[in-house]
Amino acid sequence: MKYLLIMHMNPAVWESLTEEERNAIMSGHGPFMDAIRESGEFIGTTALADPSNSAVVRVRDGAPVVTDGPYLEAKEYLGGYYLVDVESRERALELAAMIPDAKVDGLGIEVRPVMFSAGTEM
Numbered sequence: 006m007k008y009l010l011i012m013h014m015n016p017a018v019w020e021s022l023t024e025e026e027r028n029a030i031m032s033g034h035g036p037f038m039d040a041i042r043e044s045g046e047f048i049g050t051t052a053l054a055d056p057s058n059s060a061v062v063r064v065r066d067g068a069p070v071v072t073d074g075p076y077l078e079a080k081e082y083l084g085g086y087y088l089v090d091v092e093s094r095e096r097a098l099e100l101a102a103m104i105p106d107a108k109v110d111g112l113g114i115e116v117r118p119v120m121f122s123a124g125t126e127m
């Protein structure tokens with residue numbers, strides 16, 4: 006079963022960490038990726054840029070309208086994700102707990118089943 010392990014980012018929480026703590030979180034993703042590659046559960050991962058780099062496209066009266074910046078004013082935003090293929094929800098929760106961000110007060114990993122995916126099959 007495929008699950009998306011979604012990493013939410015809160016800039017206030019991130020900035021409250023020391024540089025050493027931030028570096029430990031960032032470098033902790035390498036061993037996690039190695040472990041899930043080795044177990045065969047890894048499908049893919051993506052880290053996203055800050056929402057200030059985004060644009061929102063809406064079509065109004067048949068014409069696209071582009072607005073720079075994040076879609077919503079929010080204290081948290083999607084920072085990235087891992088897509089995994091595991092035997093059970095319990096295993097997905099176990100993997101989420103291994104992601105370094107899960108250990109930081111104010112951050113967490115959302116675990117959501119994937120209902121449909123295309124383009125990732127090989």
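68 is the number that the working numbering gives to position 63 of the sequence shown; each next residue is one higher, with no gaps.
Quick reminder that beta carbons are idealized off the backbone N, C-alpha and C, glycines included.
Counting only the Cα atoms, G85 lies some 19 Å from V91. Judged by beta-carbon spacing, L10 lies beyond the 8 Å limit of V119, meaning their Cβ atoms are not closer than that value.
Remark: fewer than three beta-carbon pairs, one from each stretch, lie closer than 8 Å, so the stretch 98-118 and the stretch 57-72 are not flagged as touching.
Linking W19 to R42 through their CA atoms gives a straight-line distance of about 27 Å. C-alpha of S32 to C-alpha of R65: approximately 44 Å in a straight line.
Out of V89, R117, E24 and G111, the CA that lies nearest to the CA of F37 is found in V89. With 16 or more other Cβ atoms inside 10 Å of its own Cβ, E46 counts as buried. Look at the stretch 32-76 and you find these whole runs of beta strand (DSSP E), each 3 residues long or longer: 47-52, 60-65 and 68-73. According to DSSP, residue pairing for D90 in a beta bridge involves K7. For M14, the three-state secondary structure derived from DSSP is strand. DSSP places E115 in the uninterrupted beta strand (DSSP E) bounded by I114 to P118. With respect to the 8 Å criterion, M12 and D106 are classified as neighbours on the basis of their beta carbons.
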